[in-house]
Amino acid sequence: MTFFSIICALVLEQLKALPAARIGALQLAHAEFLERHFNGGEERHGMTAWGVGVALPVLLLLVLRIGLDFGYSFVGFVLDVAILYLTMGFRQFSHFFTDIQLALRMGELDRARRLLADWRGVGAEQLGSADIARLTIEQGIVASHRHVFAPLFWFMVLGPAGAVLYRLGLSVMQHWTARGAPTGERDRFGQFARRAFQLLDWLPARLTAITFAIVGDFEDAVYCWRTQASQWHDSASGILLASGAGALGLRLGAPLPGELGVEARPELGLGEDADVEHLQSAIGLVWRALVLSLLLLALLTVASWVGY
422 MTFFSIICAL
432 VLEQLKALPA
442 ARIGALQLAH
452 AEFLERHFNG
462 GEERHGMTAW
472 GVGVALPVLL
482 LLVLRIGLDF
492 GYSFVGFVLD
502 VAILYLTMGF
512 RQFSHFFTDI
522 QLALRMGELD
532 RARRLLADWR
542 GVGAEQLGSA
552 DIARLTIEQG
562 IVASHRHVFA
572 PLFWFMVLGP
582 AGAVLYRLGL
592 SVMQHWTARG
602 APTGERDRFG
612 QFARRAFQLL
622 DWLPARLTAI
632 TFAIVGDFED
642 AVYCWRTQAS
652 QWHDSASGIL
662 LASGAGALGL
672 RLGAPLPGEL
682 GVEARPELGL
692 GEDADVEHLQ
702 SAIGLVWRAL
712 VLSLLLLALL
722 TVASWVGY
């Protein structure tokens with residue numbers, strides 16, 4: 422039933438996607454509620470908030486799902502599809518990617534800058550067309566992992582509770598350690614959430630990177646992963662971007678112009694500089710990775726049936 426739950430959720434999401442802004446608003450409200458009630462300026466307060474706002478709902482959902490296996494399997498199937506529909510899907514981020522691609526092809530550079538700034542939460546006024554294309558590919562690679570491949574992995578491990586665990590863990594980490602947040606109390610409050618998410622993302626990030634390598638240029642992807650990923654400020658994102666860049670045969674990363682001068686960023690990948698013509702290649706890489714993942718899951722499902 423796991424395989425069919427995933428297929429149903431993906432089909433539903435393609436037919437009628439939930440508004441990404443509404444999901445983001447709910448996640449923000451959840452994270453702010455926890456911070457408002459638990460942030461006392463110490464790391465242990467962040468640990469308590471994470472336990473109440475992430476671990477407790479996940480535990481309750483896990484118990485509920487196990488209970489539904491005893492005589493209520495169809496209800497359990499519906500719950501699986503509903504949770505996946507809420508936590509996993511391309512349409513929760515792909516509208517940014519598609520709109521930026523269209524704006525660049527139409528020569529609407531200011532619109533592309535505004536869209537990218539809304540997506541990243543960072544100003545893009547100084548960026549040219551090639552810079553925007555490069556950042557869009559980078560953002561798309563990381564977003565595909567966080568919205569599709571990582572929730573899919575945790576769903577396979579813990580069922581719907583796993584997908585909720587990953588997305589709630591990501592949400593509170595992002596909001597409690599937001600770029601530009603004041604130092605001091607908030608930094609200490611978000612430390613546990615940051616470490617917890619790093620643990621949650623350690624294996625899924627590497628599995629996604631391996632999948633990118635398999636469906637792309639394997640040799641270059643592995644080479645870039647081994648030699649370049651550690652230079653990135655975030656280890657998981659560095660692995661994903663280095664592998665993705667190598668698989669695509671592109672150069673990502675590199676310094677960017679900004680309001681306060683040039684933002685230093687290491688170069689990732691090999692080959693051509695990324696531009697608007699490569700955006701479609703990035704989409705193709707992600708879709709091939711998803712198809713491969715679903716094929717492997719289908720084989721495992723068939724193997725489990727044969728085993729019975």
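For my numbering, add 421 to where a residue sits in the sequence shown, where the first one is 1.
For every residue, glycine included, the Cβ atom is placed at its ideal position computed from N, Cα and C.
As for any alpha helix (DSSP H) of minimum length 4 sitting wholly inside the region 486-543, the runs are 494-508, 515-526, 530-541, ordered along the chain. Rounded to the nearest angstrom, the gap between the Cα atoms of G659 and G492 is 45 Å. Here W623 is exposed: its Cβ has fewer than 16 other Cβ atoms, across all protein chains shown, within 10 Å. Apart from the 5 residues on each side of it in sequence, D694 sits with its Cβ closer than 6 Å to the Cβ of R672 in its chain, given in chain order. At a Cβ-Cβ threshold of 8 Å, G510 and E434 count as neighbours.
About 18 Å separates the CB atoms of G549 and A703; that is not less than 8 Å, and the two are not in contact. Counting only runs of at least 3 residues, the region 561-626 fully encloses no beta strand (DSSP E) element at all. Of the residues Q701, L628, F576, the one whose Cα lies closest to the Cα of A554 is Q701. Cβ neighbours of Q649 within its own chain (closer than 6 Å, five residues either side excluded): A663, L689. According to DSSP, V683 shares a beta bridge with P678.
Taking C-beta atoms as the reference points, T598 and G611 count as a pair closer than 8 Å. A distance below 7 Å between beta-carbons, with the five flanking residues on each side excluded, links R627 to the following residues of its chain, in chain order: I660. Under a 10 Å Cβ-count criterion, G474 is classified as buried, with 16 or more other Cβ atoms of the shown protein chains found around its own Cβ.
Under the three-state reduction of DSSP, D694 is assigned to strand.
In this structure, the beta-carbon distance from A685 to P676 falls below 8 Å. Within the same chain, and ignoring the five residues on either side of P625 in sequence, the residues whose Cβ sits closer than 8 Å to its Cβ are H566, F570, A571, F574, W575, Y587. Bounds of the alpha helix (DSSP H) holding W646 are 639-649.
Contact check for V697 and R526: beta-carbon distance about 6 Å, within the 8 Å limit, so the pair qualifies.
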